[in-house]
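Q:
Residue numbers (the working numbering): 327 to 419.
Next up, the structure:
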């Protein structure tokens, strides 16, 4: 699993799976989902994304966002849009 995330400004921060999952849940709330629905979707998405980054020591925030967005767009397009908007305003990764 990736241990570090390289942000757009070049800083490296420890990878925090829970923080990332929480950002998806928050976007779910913005999309009108209940906490239970948003948490379930976030858990599903993270279970799909984590294997994609398991062999990387470090990942860029842009690549991580791209992987999450791709997974959301397949199954939860409305949440994908909300997550993009959330990301633009919160810069969570």
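A virtual CB, placed ideally from N, CA and C, is assigned to each residue, including glycine. Please read these numbers as outputs of a predicted model, since none were measured by experiment.
Would you check if there are 3 or more beta carbon pairs closer than 8 Å linking the region 363–377 to the region 329–336?
A: no
Q: Looking at residue 406: is its Cβ nearer than 8 Å to the Cβ of residue 398?
A: Taking a C-beta distance under 8 Å as the contact criterion, residue 406 and residue 398 qualify as a contact pair.
Q: Using the C-alpha atoms, what's the distance from residue 366 back to residue 334?
A: Rounded to whole angstroms, residue 334 to residue 366 spans 29 Å at the Cα level.
Q: Roughly how many angstroms lie between the CA atoms of residue 379 and residue 385, to the nearest whole one?
A: Distance between the alpha carbons of residue 379 and residue 385 is about 8 Å.
Q: Look up residue 384 in the DSSP assignment and give the residues it is bridged to.
A: 330
Q: From 390, 338, 408, 343, pick the residue whose C-alpha is nearest to that of residue 359; which is it?
A: 408
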